[in-house]
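Student:
Residue numbers (this note's numbering), protein chains in the order written: chain G, 1 to 105; chain X, 1 to 132.
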């Protein structure tokens, strides 16, 4: 049965992302480099769009911490580095934020 | 046997700028020009199933459009050409009773046509924007 994308919580560095409107988790991005291992340079990427600034600041850039996503059929737990964040102000709209986390295992 | 049809448009008299027109059709429109249905959708994934979708009003107010939301479009028979931008008092009476909301209002003609055709009466149509 399909899952509603509702009741979702996403945390990183023990802080909840606020008013998340979109989450995209990609686990894996490159082939494992060793024959008997899953080790790779690109384990995956998590992209999130939010309406509030929680976790989204220059202070968090490059920080490595635990990421958890739960609810609405989304379940993920891993360690990730905050690779990129964006803030966008648009006239006659709310300010929107986005963050990209690079999975590290 | 004739019978009363209280909801028909017979006995309707349309007057604009002191001139009564031989009307064949009248359409009265009323729209709230301030009704803004634009909202910013701010629902998020943290909401639970069944919860009300969240919205915010737009931060900027809409520019005044000059629209009153009240207008009348009518077809008439006659030689009179109603010039655009002409203004006058508008009165619409139905069975002797003035239609409230649009009667005794100042109107401005926003569009007007007069059609002359072979084997037909001279017919005109005008749209009048009314003050609120």
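Ideal Cβ placement from N, Cα and C applies to all residues, glycine included.
Under 6 Å Cβ to Cβ from residue 11 of chain X, same chain only, skipping five residues before and after it: list those, please.
Tutor: Contacts found: 95.
Student: At a CB-CB cut-off below 9 Å, which residues of chain X make contact with residue 56 of chain G?
Tutor: Per Cβ cutoff of 9 Å: no residues; residue 56 of chain G is ~14 Å from chain X at best.
Student: Counting only beta-carbon atoms, is residue 19 of chain G nearer than 8 Å to chain X?
Tutor: Output row for residue 19 of chain G: interface = yes.
Student: Against chain G, with Cβ distances strictly below 8 Å, would residue 34 of chain X count as a contact?
Tutor: No, no contact with chain G.
Student: Around the Cβ of residue 1 of chain X, are there at least 16 other Cβ atoms within 10 angstroms (buried) or fewer (exposed)?
Tutor: For residue 1 of chain X, the predicted structure reports a pLDDT of 49, less than 50, and the residue's modelled location is therefore unreliable. A value from the coordinates is still provided. With fewer than 16 other Cβ atoms within 10 Å, it is exposed.
Student: Taking only beta-carbon atoms, is residue 47 of chain X less than 8 Å away from chain G?
Tutor: True, the Cβ-Cβ gap to chain G drops below 8 Å.
Student: Given 8 Å as the limit, is there contact between the stretch 42–61 of chain G and the stretch 72–85 of chain G, that is, 3 or more CB pairs closer than that?
Tutor: Touching, yes, given that three or more Cβ pairs across the two stretches are closer than 8 Å.
Student: So if I threshold CB-CB distances at 7 Å, which residues from the stretch 41–55 of chain G count as touching chain X?
Tutor: Residues 51.
Student: Please classify residue 3 of chain G: does DSSP put it in a helix, a strand, or coil?
Tutor: In the structure shown, residue 3 of chain G sits in coil (DSSP, three-state: anything other than H, G, I, E or B).
Student: Sorted by chain position, which residues of the same chain lie with C-beta nearer than 6 Å to residue 75 of chain X's C-beta, five sequence neighbours on each side aside?
Tutor: Here the set comprises 24, 25, 125.
Student: Would you say residue 30 of chain X and residue 41 of chain X are within 8 Å of each other, going by their C-beta atoms?
Tutor: Taking 8 Å as the Cβ cut-off, residue 30 of chain X and residue 41 of chain X do not qualify as a contacting pair.
Student: Within the same chain, show all residues whose beta-carbon is closer than 7 Å to that of residue 6 of chain G, passing over the 5 residues directly before and after it, in chain order.
Tutor: Cβ within range, chain order: 72.
Student: Name the one or two DSSP bridge partners that residue 95 of chain G has.
Tutor: None; residue 95 of chain G has no bridge partner.
Student: In chain order, what residues of the stretch 3–31 of chain G put their CB closer than 7 Å to some CB of chain X?
Tutor: Answer set for the stretch 3–31 of chain G: 4, 5, 6, 7, 8, 9, 19, 20, 21, 23.
Student: How would you call residue 14 of chain G, buried or exposed, if buried means at least 16 neighbouring beta carbons within 10 angstroms?
Tutor: It is exposed - the Cβ of residue 14 of chain G has fewer than 16 other Cβ atoms within 10 Å.
Student: Are there 16 or more other CB atoms within 10 angstroms of the CB of residue 61 of chain G, so buried, or fewer, so exposed?
Tutor: Exposed, since its Cβ has fewer than 16 Cβ neighbours within 10 Å.
Student: Within the same chain, show all residues whose beta-carbon is closer than 6 Å to that of residue 115 of chain X, passing over the 5 residues directly before and after it, in chain order.
Tutor: So the list reads 123, once near-sequence residues are dropped.
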